[in-house]
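> Taken in sequence, the protein lines are chains L and V.
Here the first sequence stands for residues 1 to 147, numbered as in the numbering used here.
Here the second sequence stands for residues 148 to 294, numbered as in the numbering used here.
For glycine and all other residues, C-beta sits at the position ideal for the given N, C-alpha and C.
There are 2 protein chains.
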Amino acid sequence: MTKSPQQAIRTWMDIFMHRSMRGWTQYAKGTGLSMPQVSILMQLHYRGACGLSAISERFDISNAAASQLVEKLVQSGHLVRTEDPSDRRAKLLNLSAKGRDLIQQGINERYQWMDEVAKTLSAEEKVKVTEALNILTEAVKRIENRE
Amino acid sequence: MTKSPQQAIRTWMDIFMHRSMRGWTQYAKGTGLSMPQVSILMQLHYRGACGLSAISERFDISNAAASQLVEKLVQSGHLVRTEDPSDRRAKLLNLSAKGRDLIQQGINERYQWMDEVAKTLSAEEKVKVTEALNILTEAVKRIENRE
DNA sequence: CTTTTTAGTTAAGTAGGCTTATATATATGC
DNA sequence: GCATATATATAAGCCTACTTAACTAAAAAG
């Protein structure tokens, strides 16, 4: 069973995409938050603080919709909304400790699955996998800097 | 910047998880279907035909909710619902060509992103990445067969 | 055969996300 | 300084997902 690089990548992507999508939707359900709400927290976790319009642009929803979702997350204590000192019309949205923990917990559950996978690898295989994922990570960084 | 295998895996997972989540939610929006609807199609794509109760168990919703979602997907022509000949109470849910295309298109868009990444790799790097992803794919298969 | 369980549908009602329209406060351009 | 543009919030209303409850039909158990 010799695979081309493209086949190898796609096979792996299929496994990983399906797993992580499933994991996140199930995790979201367990938190009591809706998927859009969790997505907003995730966004802030990965990209850092931002204003409200950045949220509505990212998720392609109206400002009104973003404002309402954010309001719920502020109410539930997952988000902190402060006035932007450099522009008093704008708000700065930050994860609270509670929001950060919620997302980190979801990420950790994904990690755990991969840890199980990694545990079954030989030392030699681990070295190879590590090197390859570093290569991919660097490649993505190069592309993103170029954009 | 020397990374442990765990660090390398987690860094890569972060990038890939966030990307694919974002990609799928955006894609779902473009199709006009809701995320739960797309998730059902995705489930059938990856796991093959099943009955209605398998859907409700997998997504942890009531049979009634699953039945209503499936009904919409049948109406929109993404799903074919037939009677199970071996148990006439049960239904067999299958993707239609339209449903299969919709999911495959979403997967292809994810593939394209990775193709862009792979394109920037040297021949030597491609070999390493291919080998590593094959190792991971095999490891997952071993674990899943064990369960 | 009769009873009970299983698979799925249908109906009514709740909750959440989304939209458009409207309002408010601040910043920017002339 | 005044008109306009920008960042956000609020309100009304629609649509969808979800729930529980009531129902049909077929299988399984006795």
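Show which residues of chain L have a CB atom less than 9 angstroms away from the CB atom of V:Ala175.
Result: empty, since nearest Cβ-Cβ is about 10 angstroms, beyond 9 angstroms.
> DSSP beta-bridge partners for L:Asn94?
Looking at the DSSP assignment, L:Asn94 forms a beta bridge with L:Val80.
> Check whether chain V comes within 9 angstroms of L:Asn63, counting only Cβ atoms and requiring the distance to be less than that.
Not an interface residue.
> Are the CB atoms of V:Phe163 and L:Phe59 nearer to each other than 9 angstroms?
No.
> Is it right to say L:Gln68 is buried, meaning 16 or more other beta carbons lie within 10 angstroms of its own, or is it exposed?
L:Gln68 is exposed by the Cβ-count criterion.
> So with CB distances below 7 angstroms, who are the chain L contacts of V:Leu112?
No answer is possible for residue 112 of chain V: it lies beyond the span of chain V, which begins at 148 and ends at 294.
> Taking its Cβ as the centre, do 16 or more other Cβ atoms sit within 10 Å of L:Pro5, making it buried, or is it exposed?
L:Pro5 should be labelled buried.
> Mind listing which residues of the region 98-127 of chain L have their C-beta closer than 8 angstroms to chain V's C-betas, in chain order?
The residues in question are Ile107, Arg110, Tyr111, Met114, Asp115, Glu116, Val117, Ala118, Thr120, Leu121, Glu125, Lys126, Val127.
> Please report whether the beta-carbon of V:Leu216 lies at a distance below 9 angstroms from any beta-carbon of chain L.
So no, V:Leu216 is outside the interface.
> Just mark L:Thr82 as buried or exposed, buried being the case when its beta carbon has 16 or more other beta carbons within 10 Å.
Exposed, because fewer than 16 other Cβ atoms sit within 10 Å of the Cβ of L:Thr82.
> Should V:Val185 and V:Tyr174 be called a contact, given that it needs their Cβ atoms to be closer than 9 angstroms?
Contact: yes.
> When the Cβ atoms of the region 271-286 of chain V are set against those of the region 126-142 of chain L, are three or more pairs found closer than 8 angstroms?
With the cut-off at 8 angstroms, the region 271-286 of chain V and the region 126-142 of chain L touch.
> Counting only beta-carbon separations shorter than 9 angstroms, does V:Ser200 have a partner in chain L?
Not one chain L Cβ lies under 9 angstroms of V:Ser200.
> Rounded to whole angstroms, how far is the Cβ of V:Leu188 from the Cβ of V:Leu242, which I believe are closer than 8 angstroms?
Going by Cβ atoms, the distance from V:Leu188 to V:Leu242 rounds to 6 angstroms, so yes, they are a contact pair.
> Is there at least one Cβ from chain V nearer than 9 angstroms to L:Gln6's Cβ?
Closer than 9 angstroms: yes.
> Return no unless some Cβ of chain L is closer than 9 angstroms to the Cβ of V:Leu280.
Yes, V:Leu280 counts as interfacial toward chain L.
> Could you tell me the alpha carbon to alpha carbon distance between L:Ser56 and L:Lys126, rounded to whole angstroms?
About 41 angstroms.
> Please report the Cβ distance between L:Met93 and L:Leu44, rounded to the nearest whole angstrom; I am assuming they are in contact, meaning their Cβ atoms lie under 8 angstroms.
Rather than Met, the amino acid found at residue 93 of chain L in this sequence is Leu. Confirmed, Cβ separation roughly 6 angstroms.
> Hey, out of L:Met13, L:Lys3, L:Gln7, L:Arg19, whose CA is closest to L:Trp113's CA?
Of the candidates L:Met13, L:Lys3, L:Gln7, L:Arg19, the one whose C-alpha sits nearest the C-alpha of L:Trp113 is L:Arg19.
> So the alpha helix (DSSP H) V:Glu204 belongs to, where does it begin and stop?
That run of the alpha helix (DSSP H) goes 199-206.
> Helix, strand or coil: how does DSSP classify V:Thr277 here?
Helix, per DSSP.
> Would you please state the rounded distance, in angstroms, between the beta carbons of L:Gly23 and L:Glu109? I believe it to be under 8 angstroms.
Indeed, because the Cβ distance is near 6 angstroms, the residues count as touching under 8 angstroms.
> Could you check the C-alpha separation between V:Gln154 and L:Thr137 for me, to the nearest Å?
Those two C-alpha atoms are separated by around 11 angstroms.
> Can you confirm whether L:His18, when its beta carbon is compared against all beta carbons of chain V, has any partner nearer than 9 angstroms?
Chain V contact via Cβ: present.
> Can you tell me where the alpha helix (DSSP H) with V:Ala155 in it begins and where it stops?
Segment 152-178, the alpha helix (DSSP H) holding V:Ala155.
> Can you tell me the Cα-Cα spacing of L:Gly30 and L:Val74, whole angstroms?
Computed Cα separation, rounded: 19 angstroms.
> Could you tell me whether any Cβ in chain V is nearer than 9 angstroms to the Cβ of L:Lys3?
Taking Cβ atoms only, chain V reaches closer than 9 angstroms to L:Lys3, which makes this a yes.
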